[in-house]
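Just so you know, we're using the UniProt record's numbering here: the sequence shown kicks off at 1 and counts up by one. Below: the structure, in structure tokens.
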Amino acid sequence: MPHAPQHADVAAVATAEPDVAGDAIPDPELDSVLNGGPFHVALRAAIAARGLPLQRVQHHLSRRGVKVGVTSLSYWQQGARRPQRPESLRAVRALEEILQLPEESLIRLLADVDEGTAERRPAARSYRSLVEADGVLAGLLAELDAPADGGLHTLGLHERVRIGARRELVDREAHHIVRAHRDGVDRFLAVYHGDPGCTPELMRVQALENCRTGRVRLHHDTGVLVAELLFDTRLRSGDTFLFRHAVEDGTAGVSREYARGFGLAGGQYALQVGFEGSRLPVRCHRFVQHSAAAPRSGRQALPLSPLHHSAHLVEPRLRTGIVGIGWDWD
């Protein structure tokens, strides 16, 4: 939550130094670099627009309990170094407030640039939106009386994501191979998190093979959808089962990534993203996160098939956390 300056006595207002920079004045050039980056150029432009010397910026950070040296601030705005440590990232969030910038405008630019290069990453979902979605998901699962242990281990999961000619996420199909580790399991709860701006009320869940659709719960603001897939049979412990389902979307704008979260370690995971139309991404990459609140790591370039217009990854053994594919448009 944004820091709220303490109210001062009327007699002290005339002499007390304000806790942040003066009222923000619209600056088209600043808005442009905040949208496009890179980070160091945006930081330098924001500091210049607010008219604060680095010593005053450091002072404002110190008043918030954040210790960053003037030299580090200078390196950051020159592009010689990037904030990476937790304390440095905390300083960046404080700078957004001190410089009266939109929330996460600087943090997002840090996520958009691969360390040691000038290569732009696609804009990722914000930390706040991912954490909020986690909280929403817990509530939706509770509505469906989901047990903490669903009774199924994933032996294999193959997902295919289709990106349309308008660069939107058209649909996602999933082929599951599972094994029951307790008796009586007769359903699976499928989770889908649409792109920012999506309309989950317009999405359609399709039960394609060995299952049928049960109850569906959704949350408009976060784009989270949970669908109950019923097996019409009760599995015994040790039984394996195969089923397929899909989610038709196409309700959001330009898509730049697809990620999947796993709460338990398990079997193999394969993700394939296919692109329709004549305009293809200029590059694709794999990424992982230990949790929604953790930074991304494991970035690895992925080839884009010139014939089939697709990129894929294969994880031989799933680990808890998030894995996905991101891509850059021209």
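All C-beta atoms, glycine included, are put in the ideal place defined by N, C-alpha and C. As the structure is a computational prediction, the values presented were derived from the model and not from experiment.
Just reading off the alpha helix (DSSP H) that residue i is part of, what are its end residues?
| i | result |
| --- | --- |
| residue 219 | Per DSSP, residue 219 belongs to no alpha helix (DSSP H); it is in the beta strand (DSSP E), 212-219. |
| residue 56 | 54-63 |
| residue 88 | 86-98 |
| residue 42 | 39-50 |
Does DSSP put residue i in a helix, in a strand, or in coil?
| i | result |
| --- | --- |
| residue 181 | coil |
| residue 104 | coil |
| residue 222 | coil |
| residue 194 | coil |
| residue 69 | coil |
| residue 254 | coil |
| residue 204 | strand |
| residue 272 | strand |
| residue 235 | strand |
| residue 138 | helix |
| residue 133 | helix |
| residue 109 | helix |
| residue 267 | coil |
| residue 36 | helix |
| residue 74 | helix |
Who are residue i's beta bridge partners in DSSP?
| i | result |
| --- | --- |
| residue 229 | 188 and 213 |
| residue 328 | 283 |
| residue 176 | 157 and 243 |
| residue 152 | 180 |
| residue 262 | 321 |
| residue 171 | 162 and 248 |
| residue 288 | 297 and 323 |
Assuming residue i and residue j are in contact, meaning their beta carbons sit under 8 Å apart, how far apart are those beta carbons, in whole angstroms?
| i | j | result |
| --- | --- | --- |
| residue 248 | residue 206 | 7 Å |
| residue 268 | residue 315 | 7 Å |
| residue 190 | residue 245 | 6 Å |
| residue 73 | residue 49 | 16 Å between Cβ atoms; not a contact. |
| residue 325 | residue 257 | 7 Å |
| residue 70 | residue 91 | Contact doesn't hold; Cβ gap of about 12 Å is too wide. |
| residue 262 | residue 318 | 5 Å |
| residue 300 | residue 286 | 4 Å |
I'd like the span of the beta strand (DSSP E) that includes residue i, first residue to last.
| i | result |
| --- | --- |
| residue 242 | 240-248 |
| residue 146 | That residue, residue 146, is in no beta strand (DSSP E); it is neither H nor E in DSSP. |
| residue 314 | 310-315 |
| residue 297 | 296-302 |
Could you check if residue i belongs to the surroundings of the ligand ATP, using beta carbon to heavy atom distance under 7 Å?
| i | result |
| --- | --- |
| residue 313 | Absence of the ligand ATP is noted for the structure shown, with no ligands found whatsoever. |
Compare the C-beta of residue i against all C-beta atoms of chain D and say whether one is closer than 8 Å.
| i | result |
| --- | --- |
| residue 286 | You won't find chain D in this structure, because it holds only one protein chain. |
query: Is it true that the region 162-174 meets the region 240-258, where meeting means three or more beta-carbon pairs spaced less than 8 Å apart?
result: When Cβ pairs closer than 8 Å are counted between the two stretches, the region 162-174 is seen to touch the region 240-258, the count reaching three or more.
task: Would you check if the region 75-83 and the region 35-42 touch, i.e. whether three or more CB-CB distances between them fall below 8 Å?
output: Contact between the region 35-42 and the region 75-83 is present, because at least three Cβ pairs lie under 8 Å.
- prompt: Within the chosen definition, does the region 215-224 reach the region 92-112 through at least 3 CB pairs nearer than 8 Å?
  reply: Cβ pair count under 8 Å is below three, so no.
field: Cβ contact (3+ pairs, closer than 8 Å) linking the region 156-163 and the region 207-217
entry: By the Cβ rule, the region 156-163 does not count as touching the region 207-217, because fewer than three pairs are nearer than 8 Å.
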